[in-house]
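Notes for the one structure printed next.
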Amino acid sequence: MATSPHLLIIDARFYVDIAEELVRGATQAIAAAGGTYDHISVPGAFEIPAAMAMAVAAMADGGTRYDGFVLLGCVIRGETSHYDIVAGESGRAIMDLAVAGPLAVGNGILTVDNREQAMVRARVDNKNKGGAAAEAALAMIATRERLGAGR
Numbered sequence: 005m006a007t008s009p010h011l012l013i014i015d016a017r018f019y020v021d022i023a024e025e026l027v028r029g030a031t032q033a034i035a036a037a038g039g040t041y042d043h044i045s046v047p048g049a050f051e052i053p054a055a056m057a058m059a060v061a062a063m064a065d066g067g068t069r070y071d072g073f074v075l076l077g078c079v080i081r082g083e084t085s086h087y088d089i090v091a092g093e094s095g096r097a098i099m100d101l102a103v104a105g106p107l108a109v110g111n112g113i114l115t116v117d118n119r120e121q122a123m124v125r126a127r128v129d130n131k132n133k134g135g136a137a138a139e140a141a142l143a144m145i146a147t148r149e150r151l152g153a154g155r
């Protein structure tokens, strides 16, 4: 990447301990790549695409420019269909925004059966999915630059 990338981290705070670990992994990965970031939080995973759309609209109106987006959160399966709705619809909305942009996105929204699975995936000293999401966003920024697409 020619310049230091500037990313927006959006995390869902529904499971605060999981979110904090995901954010820790993401911020470490961005710093290791020489990037900078802004960070906002939303109540849950369902609100992440709306916040991303707001940031994109603000960019179009002259607001802060983001080279990429790191989206972090957790949806844990319960006894009802709520899990399927939140996981499916947030994923669809994120992909719609990314393709329409085109936007460089790293999706680190965990979809798991229980809290234990979530913590294994979130922990920086284990699967570090927050770091992986940031690395994916950084890779997509590089891909966009290589292809000559605008941001």
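Residues 5 to 155 (my numbering) make up the sequence shown, in order. Glycine included, every Cβ here is placed at the ideal spot set by N, Cα and C.
Opposing strand residues paired with residue i [DSSP bridges]
i: L12; result: D42 and F73
i: V79; result: T115
Residue i, DSSP secondary structure in three states
i: T31; result: helix
i: G112; result: strand
i: V60; result: helix
i: R17; result: coil
i: S94; result: helix
Whole-number beta carbon distance between residue j and residue i, since they are thought to touch under 8 Å
i: V74; j: A138; result: 5 Å
i: G66; j: N132; result: Going by Cβ atoms, the distance from G66 to N132 rounds to 35 Å, so no, they are not a contact pair.
i: A16; j: V46; result: 6 Å
i: S85; j: I52; result: With 8 Å as the limit, S85 and I52 do not qualify as a contact, their Cβ atoms being about 20 Å apart.
Beta-carbon proximity check, residue i vs residue j, cutoff 8 Å
i: G77; j: G48; result: yes
i: V109; j: M144; result: yes
i: I34; j: L11; result: yes
i: I22; j: I44; result: no
Min CB distance residue i to chain D below 8 Å
i: Q32; result: Judged by its chain identifiers, the structure shown contains no chain D, having just a single protein chain.
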